[in-house]
Ligand SMILES: Cc1cc2nc3c(=O)[nH]c(=O)nc-3n(C[C@H](O)[C@H](O)[C@H](O)COP(=O)(O)OP(=O)(O)OC[C@H]3O[C@@H](n4cnc5c(N)ncnc54)[C@H](O)[C@@H]3O)c2cc1C
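Numbering (the numbering used here), first residue to last: 90 to 482.
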């Protein structure tokens with residue numbers, strides 16, 4: 090069976106789905122989204138939902154700003170939304186070096202229009218009454234940062250896909266690309282589609298998708314654990330800003346009267362693991378209890394472990410695939426809630442025109458990586474700080 094499309098997008102996560110939607114919005118008549126399982130079955134339904142404009146590089150800031158604005162505009166555009174809640178995000182500093190780095194970062198963020206401000210130690214304690222007092226040397230705070238509800242985002246993009254007329258084909262796996270015919274031949278588990286354009290996504294599976302297309306994509310997946318505490322009056326949403334303990338890689342935010350917190354184990358080799366690591370969870374809980382003492386005595390209502398995508402420099406990949414005409418690659422580098430819509434829109438733009446008004450994508454292509462997968466860009470300093478290497482390098 091052979092078929093044609095103006096564009097085929099591989100992967101029904103937040104990057105692929107929003108990208109397919111934007112391609113359709115741009116006027117392509119037939120956009121087909123293929124997903125080997127069902128929409129949202131990858132990282133996108135399992136995330137913590139943190140959305141922050143306080144990025145560590147100008148690209149990160151821009152993608153955060155664009156995506157936040159998109160979340161705010163969704164209801165008008167598609168009639169539903171991803172549940173964006175403006176909660177405020179604090180990045181506390183515990184050492185003088187962190188304070189110095191935070192001030193440099195703030196200058197860059199402010200120049201790009203992020204309403205971030207410095208809180209002195211007393212102000213940090215006042216703004217965050219659940220935090221053990223006297224712990225920090227201050228911190229940066231952006232009241233406009235917040236979070237989305239990841240399953241609601243999957244529902245929102247499902248609505249957007251259907252309403253915009255994207256053809257969604259679930260349980261159809263990408264198998265590879267072939268030359269010949271019109272455009273690019275996309276081999277799937279249900280036959281071939283001749284496409285004008287192809288966008289490859291895959292989240293933690295992007296390297297595998299790339300291999301099928303004959304590309305080496307230095308992206309990986311690693312276990313990431315999230316848990317939600319029981320409710321407690323002190324954890325009322327009005328009293329708890331989101332917090333990122335950057336050095337430890339531990340973050341938390343309010344969730345239904347308790348705290349949702351997440352962290353990866355820096356010493357664990359990358360790879361797909363979905364089991365909960367109880368021992369590491371105990372370490373996460375200990376660090377959280379040291380900073381938010383009220384959590385020490387609370388039970389957990391939910392715990393899950395899922396595979397988070399990452400790139401070696403923790404930056405997104407947005408660019409045309411070298412040597413493959415009409416093929417574009419997109420990864421949110423582990424920040425698909427924060428950057429996903431921006432990455433998706435930029436990837437759609439690049440597929441259509443080669444560039445994007447969302448941001449200058451020229452540094453973000455696959456050509457920034459050497460053979461071993463090392464990037465020539467500096468690592469985004471405001472990201473989950475690990476892993477730093479792809480599994481095979
Ligand atoms: C526990 C956890 C917490 C997180 N918290 C946050 C957070 O707070 N903030 C944030 O910004 N980000 C967070 N993330 C990261 C974020 O979820 C991801 O960056 C984002 O979901 C990636 O979207 P994606 O569309 O690229 O990948 P995915 O959502 O994984 O989608 C890729 C899709 O491709 C499909 N696919 C793979 N191979 C094929 C194939 N051969 N053929 C067809 N389809 C294929 C998969 O089935 C999958 O559905 C978190 C991730 C995890 C796991």
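The C-beta atom is built at its ideal place from N, Cα and C for all residues, glycine as well.
Item	Value
Own chain, CB closer than 8 Å to residue 237, minus 5 neighbours either side, in chain order	138, 140, 160, 171, 172, 173, 174, 426
Option in 222, 254, 228 with minimal Cα separation from residue 195	228
Buried/exposed call for residue 334, threshold 16 Cβ in 10 Å	buried
Identity of the residues DSSP links to residue 89 by a beta bridge	Given that the chain is displayed from residue 90 to residue 482, the structure contains no residue 89 and the question cannot be resolved.
beta-carbon residue 421 near ligand 1 non-hydrogen atom, thresh 6 Å	yes
Three-state secondary structure assigned by DSSP to residue 473	coil
Cβ-based burial, residue 192 [other Cβ within 10 Å; buried from 16]	exposed
Distance cut-off 6 Å: residue 143 Cβ against heavy atoms of ligand 1	no
Alpha-carbon spacing of residue 211 relative to residue 223, whole angstroms	8 Å
Distance CB(residue 318)-CB(residue 219) smaller than 7 Å	no
N- and C-terminal bounds of the beta strand (DSSP E) containing residue 419	416 to 420
Closest by C-alpha distance to residue 407, when choosing among 445, 377, 235	445
Any non-hydrogen atom of ligand 1 within 6 Å of residue 238 CB	no
Segments assigned beta strand (DSSP E), at least 3 residues, entirely inside the segment 229 to 295	256 to 259, 263 to 267, 273 to 277, 280 to 289
Coarse secondary structure for residue 410, derived from DSSP in three states	coil
Strand pairing of residue 297, partner residues [DSSP]	Partner(s): none; residue 297 has no beta bridge.
Pairwise C-alpha distance: residue 372 and residue 379	11 Å
Proximity to residue 322 [Cα-Cα], best of 118, 146, 347	347
Sheet register partners of residue 175 (DSSP bridge)	235
CB contact flag (residue 416, residue 435, <7 Å)	no
Separation of residue 437 from residue 111, as counted between CA atoms	6 Å
Contact belief for residue 413 with residue 453 at Cβ below 8 Å, rounded distance in angstroms	That belief does not hold up - the Cβ atoms of residue 413 and residue 453 are roughly 17 Å apart, past 8 Å.
For residue 380, the three-state DSSP class (helix, strand or coil)	helix
Endpoints, the beta strand (DSSP E) within which residue 123 is located	120 to 124
Contact test: residue 426 Cβ vs ligand 1 heavy atom, cutoff 6 Å	yes
Residue interval of the beta strand (DSSP E) (run including residue 344)	339 to 344
Buried versus exposed, by CB contacts within 10 Å (16 or more), residue 469	buried
Under the three-state DSSP convention, the category residue 159 falls into	helix
Any non-hydrogen atom of ligand 1 closer than 6 Å to residue 130 Cβ	yes
Other residues of its chain near residue 106: CB distance less than 7 Å, five sequence neighbours each side excluded	122, 128, 246, 250
Buried versus exposed call for residue 278 [16 or more other C-beta atoms within 10 Å across all chains shown]	exposed
Buried or exposed by the 16-neighbour rule on C-beta atoms within 10 Å, applied to residue 392	exposed
Nearest candidate by alpha-carbon position, reference residue 275, set 377, 292, 301, 254	301
Residues that DSSP places opposite residue 181 in a beta bridge	228
Ligand 1 heavy atom lying under 6 Å from the CB of residue 403	no
Per DSSP, cross-strand counterpart(s) of residue 325	According to DSSP, which records beta bridges pairwise, residue 325 is partnered with nothing at all.
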